[in-house]
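The structure under discussion appears below in the form of structure tokens.
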Amino acid sequence: MFYRKTLKLVCGLAGGSVVLVFAAAAADSRGLFGDLRGGEAGRWSRLSVLRAAQPAWTPAIHTPSPTGHSWDFNWDKRDPSSLTNGKKKESSTEDPSSEQDNGKPKATRNILLIRHSQYNLSGLSDKERILTPLGREQAELTGSRLAALGIKYDVLIHSSMSRATETANIISKHLEGVGVDLVSCDLLREGAPIEPVPPVTHWKPDAVYHEDGARIEAAFRRYIHRADTKQKEDSYEIIVCHANVIRYFVCRALQFPPEGWLRMGLNNGSITWLTIRPSGRVALRTLGDSGFMPPDKLTRT
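Numbers 12 to 312, taken from the working numbering, label the letters of the sequence shown in order.
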């Protein structure tokens, strides 16, 4: 089977070359290559056409070069090796390597970031910006999806803004059998984390970037990090908040330029899943997953 595929590939390339050679010969016979001296010049012209049509397979051309900085394993400032004070144990009976191993995290944190559902955009205050009927349907669908995953969730944290709180309350009804606790947090409120690149002119933040940015960065440091050394089992935490906050969290966790947060779009009620390993490695399992919703229920307001 491998021989057949290889033969077909070679024949295909050869066939293409033959077509090019015949085309070059026909062009040469009609004088399209100009007044060249002798058969050698004609053959050289045809060979030049063939080479120009088939690019050289130079590794330096086709191999992308790495860009950016190397991965910082101490991005959350919780790398055990960076927390050691370098002092030697006075007792010679204790194994230092065993002590260091015991101080390493062993559990994986799974953080499911949920964007709030559609809400009333015409509301003048936060209390008036409650979910629309469609938004409540979206929250129900998101809650059903989270319940269908069959995961034992540890906590449900939500922004203190009305649309996020209402979304979290609807989702929690689908998780009553799990017994998950609801926690409200002001740090997760919507805002402008950092000035986006490239800049946009159609969107102006309500507050200056250095005000919202400091708060959202504080939320990132509070909730996005590797597990504590005392945590023995993997955890699954739900955070219901806002698109700007989630996009900034994703960029920071993956060590992408945070100013690129506005290049991503998230549907209402979508699920973004981050996994943080004990070593500090971070993986993005899903970004804005809303495939569990019917197409007529999808919005991005």
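Just so it is clear, CB atoms sit at the ideal spot from N, CA and C, and this is done for glycine as well.
Going by other Cβ atoms of all chains shown within 10 Å of its Cβ, with 16 needed for buried, is W82 buried or exposed?
exposed
Considering only the alpha carbon of each residue, which of Y164, A203, L199 and H169 lies closest to E187?
Y164
Touch test, the region 271-283 against the region 127-138, Cβ-Cβ under 8 Å, three pairs minimum:
yes
Within 10 angstroms of its Cβ, does P207 collect 16 or more other Cβ (buried), or is it exposed?
buried
Whole-angstrom distance between M172 and R140, CA atom to CA atom:
9 Å
Between which two residues does the beta strand (DSSP E) carrying I141 extend?
Neither: I141 is in no beta strand (DSSP E) and is coded neither H nor E.
So, with DSSP's three-state summary, where would you put Y220?
helix
In angstroms with no decimal places, state the Cα-to-Cα distance between K184 and S92.
42 Å
Do I205 and I270 count as a contact pair if the criterion is CB distance below 8 Å?
For clarity, residue 270 is Glu in the given sequence; the question names Ile instead. Cβ distance < 8 Å, so E270 and I205 count as in contact.
Can you name, in chain order, every residue of its own chain whose Cβ lies under 6 Å from the Cβ of L273, other than the five neighbours on each side?
P207
Considering only their Cβ atoms, is the gap separating T240 from G114 smaller than 8 Å?
yes
Hey, could you find the ends of the beta strand (DSSP E) R292 is sitting in?
Element bounds for R292: n/a, residue is neither H nor E.
Can you tell me the Cα-Cα spacing of P209 and G190, whole angstroms?
44 Å
With burial defined as no fewer than 16 other Cβ atoms inside 10 Å of the residue's Cβ, what is the status of A175: buried or exposed?
buried
Beta-carbon contacts of W284 that lie in its chain and below 6 Å, excluding the five residues immediately before and after
L123, R296 and T297
What does H169 pair with, by DSSP beta-bridge criteria?
S195 and V251
Using beta-carbon positions only, say whether F84 and S290 come within less than 8 Å of one another.
yes
Would you call T119 buried or exposed, if buried means 16 or more other Cβ atoms sit within 10 Å of its Cβ?
buried
By the three-class DSSP mapping on this structure, what secondary structure does T153 have?
helix
Figure out for me which residue from Q266, R311 and I249 has the closest Cα to the Cα of I162.
I249
Based on the DSSP secondary-structure assignment, which residues constitute the bridge partners of I122?
E248 and L285
Selected residue, minimal CA-CA separation from G299, among D192, T312 and R258
R258
Distance CB(I182)-CB(L167) smaller than 8 Å:
yes
Boundaries of the alpha helix (DSSP H) in which L93 is found, first to last residue:
Note that residue 93 corresponds to Ser in the displayed sequence, not to Leu. Looking at the DSSP string, the run of the alpha helix (DSSP H) that includes S93 is P91 to L94.
Considering only heavy atoms of the ligand COA, does any lie closer than 7 Å to the CB of V293?
With respect to small molecules bound, the structure shown includes none, and the ligand COA cannot be examined in it.
K215 classed as buried or exposed, judged by whether at least 16 other C-beta atoms fall within 10 angstroms
exposed
To the nearest angstrom, how far is the alpha carbon of L199 from that of A264?
16 Å
Can you list, in chain order, the residues of its chain whose CB lies under 8 Å from that of H169, leaving out five sequence neighbours each side?
A175, T176, T178, A179, L193, V194, S195, C196, L199, I250, V251 and C252
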